[in-house]
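Inspection log for the structure reproduced underneath, given as structure tokens.
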Amino acid sequence: GWIPFIPDALAVDIIAKALDWVEHQATPILERREAYEAGHAIAASRGVSGHHCRTLGRRSLHALPLIAPAGRRALIDKTNLDVIVRHLHTACFIVIAGLVGMRVSEILSLKAGAIEYRQLGESGVAQAYLVARLYKTAGQRGGREERWLAPQPVVRAIEVLEQLTAPLRLQHSDERLFVVGVSRSRVSPVTSMQVGYRLREFAAYVGVPEHDGGPWPFSAHQFRKTFARFVAKRDRSQLLALSDHFKHVSVAMTAKGYVGTDFDLFELVAHEAQVETADALDRLLSAD
1 GWIPFIPDAL
11 AVDIIAKALD
21 WVEHQATPIL
31 ERREAYEAGH
41 AIAASRGVSG
51 HHCRTLGRRS
61 LHALPLIAPA
71 GRRALIDKTN
81 LDVIVRHLHT
91 ACFIVIAGLV
101 GMRVSEILSL
111 KAGAIEYRQL
121 GESGVAQAYL
131 VARLYKTAGQ
141 RGGREERWLA
151 PQPVVRAIEV
161 LEQLTAPLRL
171 QHSDERLFVV
181 GVSRSRVSPV
191 TSMQVGYRLR
201 EFAAYVGVPE
211 HDGGPWPFSA
221 HQFRKTFARF
231 VAKRDRSQLL
241 ALSDHFKHVS
251 VAMTAKGYVG
261 TDFDLFELVA
271 HEAQVETADA
281 LDRLLSAD
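Oh and the sequence shown: position 203 is 203 in this note's numbering, straight run, nothing missing.
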């Protein structure tokens with residue numbers, strides 16, 4: 001069925017809160033996970049029981065000042081720690097989806113070292129890009145490698161993801177950034193359906209406002225459509241750049257499937273509006 005874009009107020013709220021987790025909450029959360037794991041490892045090296053390992057891990061956690069991300073329950077035990085770490089993982093997904101607009105399959109294909117810098121012409125400025133796999137319209141099995149422009153908060157989100165998944169990736173020799181441990185010997189990729197559950201859990205945890213008397217049913221693909229809508233609302237001439245950024249095979253796909261008819265954008269690709277399209281191209285190519 002038709003996938004809606006997120007209402008403006010909710011989109012701004014959840015992306016802003018995800019940004020706060022990535023930029024300000026990530027470091028203390030990761031420090032506390034490291035403290036717990038270090039205490040647990042010391043106990044395990046002494047050959048004590050699993051119960052005592054968890055006790056020492058919890059004591060190591062309590063040696064640091066208490067934190068309470070989103071103003072909720074203070075981080076005091078392993079169960080609570082696991083919940084907070086999962087929400088931080090989700091916050092990274094939201095920042096990438098909200099500020100780059102990649103498809104969920106493209107985001108879930110990200111691996112460690114996904115940030116690549118390239119010079120912008122003769123400007124001497126290095127622009128960050130996200131390197132991932134493009135599956136839709138790729139025309140080849142396993143997709144193909146592509147690059148998406150990445151703003152600084154997204155670069156930070158990748159750094160956090162790399163730190164979050166480092167122990168799991170090292171243990172299982174797996175470079176993917178969206179994996180979860182299902183047993184001591186096996187990891188599993190995060191699925192699109194799991195992302196949907198996590199988005200709704202994160203929204204409830206951080207207090208995203210309700211919509212029409214109930215929680216908004218967040219799903220992974222909504223961020224891509226919302227990204228497109230924000231770009232189109234700001235400047236209709238950006239539709240061509242947006243189509244290129246989305247790796248669409250035609251501008252019509254962007255206009256019809258992602259921006260919708262709210263902004264009367266079909267005229268940009270209609271035969272009778274070629275003059276307006278040429279003017280938009282001229283302004284686009286002459287812009288800073």
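Glycine included, each C-beta is placed from N, C-alpha and C at the ideal position.
{"query": "Cβ shell of L110 (< 6 Å), same chain only, five flanking positions each side left out", "result": "A132, L177"}
{"query": "Which listed residue (I14, D288, D279, I3) has its alpha carbon closest to that of L88", "result": "I14"}
{"query": "Simplified DSSP state of I289, which is helix, strand or coil", "result": "One cannot answer for residue 289 here, as it falls past the ends of the chain, which runs 1 to 288."}
{"query": "Cβ pair A126, V22 closer than 7 Å", "result": "no"}
{"query": "Within the stretch 178 to 206, ranges of the alpha helix (DSSP H) (whole runs, at least 4 residues)", "result": "192 to 206"}
{"query": "Uninterrupted beta strand (DSSP E) stretches inside the stretch 139 to 164 (no shorter than 3 residues)", "result": "144 to 149"}
{"query": "8 Å contact criterion, which L61 and Y36 should meet: CB distance rounded", "result": "5 Å"}
{"query": "Assigned secondary structure, V131 (DSSP; H/G/I helix, E/B strand, else coil)", "result": "strand"}
{"query": "CB contact flag (D82, R58, <7 Å)", "result": "no"}
{"query": "Inter-stretch contact (C-beta, 8 Å, three-pair minimum) for the stretch 112 to 128 and the stretch 40 to 60", "result": "no"}
{"query": "R156 CB to nearest heavy atom of the ligand ATP below 6 Å", "result": "With respect to small molecules bound, the structure shown includes none, and the ligand ATP cannot be examined in it."}
{"query": "Residue from S192, Y135, P167 with nearest C-alpha to R144", "result": "Y135"}
{"query": "Rounded distance between the beta-carbons of S188 and V182, thought under 8 Å", "result": "5 Å"}
{"query": "Start-to-end residues for the beta strand (DSSP E) that takes in Q119", "result": "115 to 119"}
{"query": "Terminal residues of the alpha helix (DSSP H) in which D82 lies", "result": "78 to 100"}
{"query": "As assigned by DSSP and simplified to three states, the class of G214", "result": "strand"}
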